[in-house]
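Asks: Here it is, the structure, as structure tokens.
2 protein chains.
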Amino acid sequence: MRLSRYFLPILKETPKEAEIVSHRLMLRAGMIRQQSAGIYSWLPLGLKVLDKIGDIVREEQNRAGAIEVLMPTLQSADLWRESGRYDDYGEEMLRIKDRNKRDLLYGPTNEEMITEIFRSYVHSYKDLPLNLYHIQWKFRDERRPRFGVMRGREFLMKDAYSFDVDQDRAREAYHRMFVAYLRTYARMGLTAIPMRADSGPIGGDMSHEFIILASTGESQVFCHKDVLDLPIPAEDTDFRGDLKPIVDQWTSFYAATDEKHDEAAFAAVPADKQVSARGIEVGHIFYFGTKYSEPMGAKVAGPDGVVRPVHMGSYGVGVSRLVGAIIEASHDEAGIIWPDSVAPFRVGLINMKPGDAAVDGACERLYADLGRAGVDVLMDDTDTRAGAKFATMDLIGLPWQLIVGPKSLAEGKVELKRRATGERELLTIEAALARLGAK
Amino acid sequence: MRLSRYFLPILKETPKEAEIVSHRLMLRAGMIRQQSAGIYSWLPLGLKVLDKIGDIVREEQNRAGAIEVLMPTLQSADLWRESGRYDDYGEEMLRIKDRNKRDLLYGPTNEEMITEIFRSYVHSYKDLPLNLYHIQWKFRDERRPRFGVMRGREFLMKDAYSFDVDQDRAREAYHRMFVAYLRTYARMGLTAIPMRADSGPIGGDMSHEFIILASTGESQVFCHKDVLDLPIPAEDTDFRGDLKPIVDQWTSFYAATDEKHDEAAFAAVPADKQVSARGIEVGHIFYFGTKYSEPMGAKVAGPDGVVRPVHMGSYGVGVSRLVGAIIEASHDEAGIIWPDSVAPFRVGLINMKPGDAAVDGACERLYADLGRAGVDVLMDDTDTRAGAKFATMDLIGLPWQLIVGPKSLAEGKVELKRRATGERELLTIEAALARLGAK
Chain A
70 MRLSRYFLPI
80 LKETPKEAEI
90 VSHRLMLRAG
100 MIRQQSAGIY
110 SWLPLGLKVL
120 DKIGDIVREE
130 QNRAGAIEVL
140 MPTLQSADLW
150 RESGRYDDYG
160 EEMLRIKDRN
170 KRDLLYGPTN
180 EEMITEIFRS
190 YVHSYKDLPL
200 NLYHIQWKFR
210 DERRPRFGVM
220 RGREFLMKDA
230 YSFDVDQDRA
240 REAYHRMFVA
250 YLRTYARMGL
260 TAIPMRADSG
270 PIGGDMSHEF
280 IILASTGESQ
290 VFCHKDVLDL
300 PIPAEDTDFR
310 GDLKPIVDQW
320 TSFYAATDEK
330 HDEAAFAAVP
340 ADKQVSARGI
350 EVGHIFYFGT
360 KYSEPMGAKV
370 AGPDGVVRPV
380 HMGSYGVGVS
390 RLVGAIIEAS
400 HDEAGIIWPD
410 SVAPFRVGLI
420 NMKPGDAAVD
430 GACERLYADL
440 GRAGVDVLMD
450 DTDTRAGAKF
460 ATMDLIGLPW
470 QLIVGPKSLA
480 EGKVELKRRA
490 TGERELLTIE
500 AALARLGAK
Chain B
70 MRLSRYFLPI
80 LKETPKEAEI
90 VSHRLMLRAG
100 MIRQQSAGIY
110 SWLPLGLKVL
120 DKIGDIVREE
130 QNRAGAIEVL
140 MPTLQSADLW
150 RESGRYDDYG
160 EEMLRIKDRN
170 KRDLLYGPTN
180 EEMITEIFRS
190 YVHSYKDLPL
200 NLYHIQWKFR
210 DERRPRFGVM
220 RGREFLMKDA
230 YSFDVDQDRA
240 REAYHRMFVA
250 YLRTYARMGL
260 TAIPMRADSG
270 PIGGDMSHEF
280 IILASTGESQ
290 VFCHKDVLDL
300 PIPAEDTDFR
310 GDLKPIVDQW
320 TSFYAATDEK
330 HDEAAFAAVP
340 ADKQVSARGI
350 EVGHIFYFGT
360 KYSEPMGAKV
370 AGPDGVVRPV
380 HMGSYGVGVS
390 RLVGAIIEAS
400 HDEAGIIWPD
410 SVAPFRVGLI
420 NMKPGDAAVD
430 GACERLYADL
440 GRAGVDVLMD
450 DTDTRAGAKF
460 ATMDLIGLPW
470 QLIVGPKSLA
480 EGKVELKRRA
490 TGERELLTIE
500 AALARLGAK
């Protein structure tokens with residue numbers, strides 16, 4: 070993409086309303102625009118990141134055997150009356166009346182609807198296990214929306230729902246999502262720690278929040294230091310095999326949110342291994358048994374012919390929130406530092422002297438060669454002065470900057486800068502292309 | 070994908086509520102489920118088609134120089150008060166109050182919001198032309214939602230908005246979308262005819278609906294027969310060049326919807342070239358000048374330094390509606406016939422005798438080889454009887470069926486059936502793979 074034909078509305082001023090760094094940087098980098106309290110438009114740069122995060126989530130859900138569907142944003146209130154949640158949900162639920170005075174609501178989550186889909190079609194254990202997920206906009210009418218996309222009202226969430234014949238099979242489904250989540254966050258360059266979370270009235274050990282550490286985190290968390298260095302399950306993990314050993318390894322170390330923190334157990338962790346930090350929740354997995362299937366009549370016949378309510382779990386990832394969370398975890402004074410896997414473009418190609426035939430020629434060649442090799446490039450071909458170009462590239466945080474100026478070019482060289490480290494190298498065009506995987 | 074692990078809830082009965090063939094087939098093929106009047110869940114098979122259509126739309130928008138953003142589903146009523154449309158829009162607008170009693174609405178379209186984005190960042194002709202589009206769910210509270218996804222209330226639309234310094238430049242933007250639309254529909258296997266449409270109070274010739282012919286179409290349309298055979302602009306069309314000759318060629322033939330039909334002009338078409346048929350609208354492009362930029366203060370400084378309201382156009386494609394429209398245009402008694410480009414899977418691989426070692430082995434090999442070659446396969450590895458397997462494959466309409474049974478396999482052969490023509494061939498496994506592009 071040529072910057073001259075792109076829409077990248079960089080802000081020079083730091084917006085006053087932004088309280089945290091990710092919100093500030095997303096506004097300044099022209100990634101989002103607030104339309105109402107907690108409701109944002111995603112501008113081109115922001116949307117590219119949002120899509121890349123969604124794609125990673127999708128790939129790992131599919132790998133774990135979950136199947137993608139897409140439920141609508143609006144739901145019938147009657148569905149929520151069946152589960153009893155319509156009256157319980159409180160003011161965070163956005164309630165709507167249509168032209169025929171029927172009660173609708175903007176879905177804050179989809180347990181009821183997916184249970185309705187399940188009960189309409191599935192009646193036998195033979196069709197299980199089943200895990201259906203979707204990536205769809207949700208709405209929660211937060212009393213105080215803030216922190217940009219970190220606590221918005223309209224937000225994008227991946228929510229998966231598993232259906233199993235009994236609790237043992239449901240535990241296997243839970244393990245599959247547990248492992249998928251480890252892979253999902255690792256692929257985004259994040260160290261996400263599964264922490265025991267409140268499992269509600271159902272009790273038990275099958276509720277984990279996935280937390281990344283960041284000084285701006287919303288809650289206090291506690292863990293054993295070694296959990297930060299555990300190996301991430303490989304791409305060829307057999308999701309139809311026994312995943313318990315992986316889950317056991319991860320859950321053998323102390324790790325808990327404030328809510329579930331156990332001072333005594335934490336005291337047993339060696340002092341030099343005690344980590345107490347701020348954390349950001351980026352996912353939550355949860356087994357809730359027959360909480361919805363029972364009142365809503367979602368039942369399957371087991372191998373013994375007896376019909377029983379199906380056992381369910383739900384598995385959420387905050388897709389739009391992750392854009393902010395990644396920035397909270399990866400930025401410096403100059404701006405964002407995107408992990409390669411979610412970067413909106415891989416390379417920022419800076420033409421230092423548009424109009425200079427040699428520089429233009431070199432840039433066009435690099436742009437074309439990188440493009441052919443499938444490397445996504447943003448080329449700054451504008452007339453802006455050099456300082457501003459560098460500042461913009463640092464702000465938007467592309468992993469690599471490739472700088473083409475008349476002086477180096479006269480010696481046959483271009484400059485390659487790694488955004489994360491600031492490391493710079495003078496390379497021939499050939500060598501630069503090779504370094505970026507386009508040779 | 071193995072059918073045994075997929076979620077494909079085929080209905081045996083034809084649903085009574087479905088009045089048209091696409092609605093019936095989408096319900097029977099397990100593509101959608103109605104959740105409320107005019108509000109649908111997209112089940113796995115339906116979602117795959119919806120995504121493929123969205124991807125084609127996106128690729129052609131990008132090729133034409135439009136840039137993707139994503140605006141939220143909910144909008145502030147204040148924005149619509151600026152344009153004057155909040156009070157004018159009528160009952161089709163879903164009006165909402167949030168917990169703080171602020172007026173929101175579920176966007177039926179996005180002229181106001183995109184104008185707000187534009188005016189916030191762009192102030193000079195130097196940043197033009199600009200065309201921003203998004204693919205997002207919309208809501209129109211239809212008095213009588215019907216025909217499944219063809220006239221739903223919550224529906225997926227691509228809407229693009231162009232911004233230009235004057236009407237001449239706006240005409241160029243219009244031409245780019247005109248040509249992009251020709252390519253978009255052709256890639257989906259559709260013959261879509263641009264027809265002069267009502268341009269509203271602004272008048273002029275810059276309003277076209279794109280119509281496909283189908284006997285179940287909602288409106289009467291009229292055109293010159295030769296327009297059906299015009300060449301589609303090639304992939305390497307230069308969208309920065311002059312596209313007027315292409316637009317002139319397409320608009321030189323008579324083609325009009327009921328609304329704009331001119332009996333006298335149509336009578337001048339040779340009798341054997343007069344086509345009068347039913348049509349389905351699948352897109353609408355529209356130049357509306359300064360209708361929104363003027364009241365909302367979206368202005369740019371021209372080359373002469375004078376600040377004037379920007380000239381705008383809007384360009385819609387009914388993405389979810391297209392799923393139904395394609396089925397209306399391409400089906401037979403047995404079910405759907407997907408054009409290759411939007412088919413949920415390219416090949417349906419039928420194991421005629423699960424449990425037979427030779428048949429299982431051949432199926433696994435075909436499944437693996439096709440998968441490696443990037444061919445998307447749905448393998449029916451279930452215990453269902455042969456007749457039902459064939460009926461399901463015909464119903465869901467994958468372009469190719471590859472049938473592996475013990476008898477042919479004993480002679481080293483498998484059967485390949487083309488869904489569209491019913492043509493069948495006995496081929497060696499090697500030859501079948503080659504035919505499907507996996508060799």
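The listed protein sequences correspond, in order, to chains A and B.
Read left to right, the first sequence gives residues 70 to 508 (the working numbering).
Read left to right, the second sequence gives residues 70 to 508 (the working numbering).
For glycine and all other residues, C-beta sits at the position ideal for the given N, C-alpha and C.
1) State the DSSP-derived secondary structure class of A346/B, mapped to helix, strand or coil.
2) Over the uninterrupted alpha helix (DSSP H) stretch that includes T253/A, give me the two end residues.
3) Say whether chain B places a C-beta atom closer than 8 Å to the C-beta of D167/A.
4) Using a Cβ-Cβ cut-off of less than 7 Å, list which residues of the segment 79-107 of chain B approach chain A; keep chain order.
5) Does the beta-carbon of L297/A have 16 or more other beta-carbons within 10 angstroms, so that it is buried, or is it exposed?
6) Using a C-beta to C-beta distance shorter than 7 Å, which residues of chain B count as neighbours of L201/A?
7) Assuming contact is defined by CB atoms lying nearer than 8 Å, are V126/B and L116/A in contact in what I supplied?
8) Could you tell me the boundaries of the beta strand (DSSP E) in which K85/B lies?
9) Say whether the segment 102-120 of chain A touches the segment 209-227 of chain A, bearing in mind that this needs 3 or more beta-carbon pairs closer than 8 Å, one atom from each stretch.
10) Listed in chain order, which residues of the segment 380-392 of chain B have Cβ atoms closer than 8 Å to some Cβ of chain A?
11) D172/A by DSSP, collapsed to three states: which one?
12) For the beta strand (DSSP E) containing V446/B, list its first residue and its last residue.
13) Would T306/B count as contacting chain A if we go by Cβ distances under 8 Å?
14) P302/B and V248/B: beta carbons closer than 8 Å?
15) For a minimum of 4 consecutive residues, which ranges assigned as the alpha helix (DSSP H) are wholly contained in the segment 287-372 of chain B?
16) Is the number of C-beta pairs between the segment 324-334 of chain A and the segment 369-379 of chain A that are closer than 8 Å three or more?
17) Less than 8 Å between the C-beta atoms of I465/A and A98/A, yes or no?
18) Please list the terminal residues of the continuous alpha helix (DSSP H) segment that includes D233/A.
19) What in chain B is Cβ-close to V138/A, meaning under 7 Å?
20) In angstroms with no decimal places, state the Cα-to-Cα distance between K261/B and A346/A.
21) I'd like to check one pair, A239/A with Y356/A: are the Cβ atoms closer than 8 Å?
22) Tell me whether P177/B sits in a helix, a strand or coil according to DSSP, three-state version.
23) Between which residues of its own chain and M219/A is the CB-CB distance below 6 Å, once the five residues before and five after are set aside?
24) Per DSSP, which residues does F279/A bridge with? Please list them.
25) Give every residue of the same chain whose Cβ lies closer than 6 Å to the Cβ of S110/A, excluding the five residues on either side of it in the sequence, and list them in chain order.
26) Of the residues F232/B, D295/B and D425/B, which one's Cα is nearest the Cα of W319/B?
27) Which residues in the same chain have their Cβ closer than 7 Å to the Cβ of H400/A, if we skip the five residues on either side of it in sequence?
28) How many angstroms separate the CA atom of L495/B from the CA atom of R487/B?
29) Run down chain B in chain order and give the residues with a C-beta less than 9 Å from the C-beta of L173/A.
30) Against chain A, with Cβ distances strictly below 8 Å, would I125/B count as a contact?
31) On the CB-based measure, 16 or more other CB atoms within 10 Å of its CB, does S284/B come out buried or exposed?
32) Out of P372/B, L148/B and C432/B, state which residue places its alpha-carbon closest to the alpha-carbon of P559/B.
33) State the CB to CB distance for the pair I136/B and L201/B, rounded to an integer number of angstroms; the pair is presumed to be in contact (CB under 8 Å).
34) In this structure, how does DSSP classify I79/B when only helix, strand and coil are distinguished?
35) Below 8 Å on the Cβ atoms is my contact criterion, and I expect I498/B with L435/B to pass it. Report the Cβ-Cβ distance as a whole number of Å.
36) Less than 8 Å between C-beta atoms, sequence neighbours within five positions excluded: which residues of the same chain meet that for H293/B?
Replies: The structure says:
1) strand
2) Residue range Q236 to R256 is occupied by the alpha helix (DSSP H) that includes T253/A.
3) yes
4) R102, Q104 and S105
5) exposed
6) F76
7) no
8) Note, K85/B: premise wrong, no beta strand (DSSP E); not H, not E.
9) yes
10) none
11) strand
12) V446 to D449
13) no
14) yes
15) 313-320, 332-336 and 362-365
16) no
17) yes
18) That residue, D233/A, is in no alpha helix (DSSP H); its beta strand (DSSP E) goes E223 to D233.
19) S110, W111, L112, P113 and L116
20) Residue identity check: residue 261/B is Ala in the sequence provided, not Lys. Using only the alpha carbons, I get a separation of about 59 Å.
21) yes
22) coil
23) Within the same chain, M219/A has close Cβ partners R390 and G393.
24) According to DSSP, F279/A bridges with P263/A and G352/A.
25) Annotation for S110/A: R102 and Q104 place their beta carbon closer than 6 Å to its own, counting only its chain and skipping 5 residues before and after.
26) D295/B
27) V90, L94 and I406
28) 12 Å
29) S105, I108 and L163
30) Taking Cβ atoms only, chain A never reaches closer than 8 Å to I125/B, which makes this a no.
31) exposed
32) Outside the shown range of chain B (70 to 508) lies residue 559/B, about which nothing can therefore be said.
33) Yes, I136/B and L201/B are in contact; Cβ-Cβ is about 6 Å, under 8 Å.
34) If DSSP states are grouped into helix, strand and coil, I79/B belongs with coil.
35) 7 Å
36) Same-chain partners within the cutoff: F322, Y323, A324, V338, K342, Q343 and V344.
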